[in-house]
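> The structure under discussion is supplied below as structure tokens; questions concerning it will follow.
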Amino acid sequence: MDYTLKERVFRGFILNISRGGALISNGRPVLVGEEIKMVFRHPISQGNHRITGEIAWVAPKGIGVKFKSMVSWDYELDLYRSKTDQEEPIQVDKEVRKMGKVRKKRVRWELSSSLDVATYRLYWSKDGGVNYDSDHADFGHVTEVILPDDIPSFPLETGDMELGVSAINHAGNESEITKLTVDFNFEVPDAPQNLKVEDI
């Protein structure tokens, strides 16, 4: 997959993707809020897509991209505009619905009292408590995220998981981690079987 940052073209890999965003591999320094453009052939729909988005968060293994618009061969879908009756959902969305749907979770926290905060970092850990080495994502100066939309790599597992949030200032210094243990349930029920229509 090719993507463009600051008018320069790079090659990377899509690690995870949803209707509203994607996680892509990246070894270059990037900033939250930067515009990114991607061109790729989706493995499910087999369609060619050109996406314009922005960097939503930065993690050690890649960057999270929030989609703004997606162009296929036939139409353009603005993800911030409500769809009209004439607009057809993209094939990726149809495939996601086949795999089930989980209820979204909003994670919120209060602002740090420090004025020099550059970004907030959200940690998560399924195996024991979170620490500075746990999986995490940076979100800029925001106080809430939506799971799993804002973190495509977030594990959709059922059971206890510890979350943590910290503040990082412009010098790169990080606060203590505020922690919370949450009982997540992302398990989807089995689909009904043998759907049919009969004359009566």
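The opening residue of the sequence shown carries number 178 in this note's numbering; numbering runs sequentially from there.
Here a beta-carbon is modelled for each residue, glycine too, at the ideal position from N, C-alpha and C.
Just how far apart, CA to CA, sit L208 and S289?
Their Cα atoms are separated by approximately 21 Å.
> Give the range of the beta strand (DSSP E) segment to which W301 is assigned.
Residues 294-302.
> Is the beta carbon of E231 closer than 9 Å to that of G153?
Since the first residue of the chain shown is 178 and the last is 377, residue 153 is not available in this structure.
> In the DSSP assignment, find the unbroken beta strand (DSSP E) run with R285 in it and report its ends.
Run containing R285: 282-285, per the beta strand (DSSP E) assignment.
> What three-state label does DSSP hand A233 in the structure shown?
It is a strand residue.
> Using 8 Å for Cβ pairs, my map puts T320 next to E287. What's the rounded Cβ distance?
Contact flag correct, Cβ pair sits at about 7 Å.
> On the premise that L299 lies in contact with V359, defined as a C-beta separation below 8 Å, what is that separation, rounded to the nearest angstrom?
With a Cβ gap of about 12 Å, V359 and L299 do not count as contacting.
> Compute the Euclidean distance between the alpha carbons of D293 and K214, then round it to the nearest angstrom.
Near 30 Å, if we compare the C-alpha coordinates of K214 and D293.
> How is D315 classed by DSSP in three states: helix, strand or coil?
If DSSP states are grouped into helix, strand and coil, D315 belongs with the strands.
> Is it the case that the Cβ atoms of G241 and D327 are separated by a distance below 9 Å?
Against a cut-off of 9 Å, the Cβ pair of D327 and G241 comes out as a contact.
> Give me the Cα-Cα distance between K238 and A199, rounded to the nearest whole angstrom.
Taking the straight line from one Cα to the other gives about 13 Å.
> Provide the residue span of the beta strand (DSSP E) that contains N346, from first to last.
From DSSP, the beta strand (DSSP E) with N346 extends over 336-346.
> Under 6 Å Cβ to Cβ from S302, same chain only, skipping five residues before and after it: list those, please.
S311, E339.
> Grouping DSSP H, G and I as helix and E and B as strand, with all else coil, what is V307?
Here V307 sits in coil by DSSP.
> Nearest by alpha-carbon distance to S291: which of L372, H347, P366 is it?
Minimum Cα distance to S291 is reached at H347.
> Go to G198, then tell me how far its beta strand (DSSP E) extends in each direction, as first and last residue.
Segment 198-201, the beta strand (DSSP E) holding G198.
> Taking the straight line between their C-alpha atoms, what separation do you get for K373 and I201?
Straight-line Cα distance between these residues: approximately 41 Å.
> May I ask which residues mark the beginning and end of the beta strand (DSSP E) holding V207?
First-last for V207: undefined, no H or E at that position.
> Assign S290 to one of three DSSP states: helix, strand, or coil.
The answer is coil: DSSP assigns S290 none of H, G, I, E or B.
> Have a look at the DSSP bridge pairing and note the partners of K356.
Paired residues: G341.
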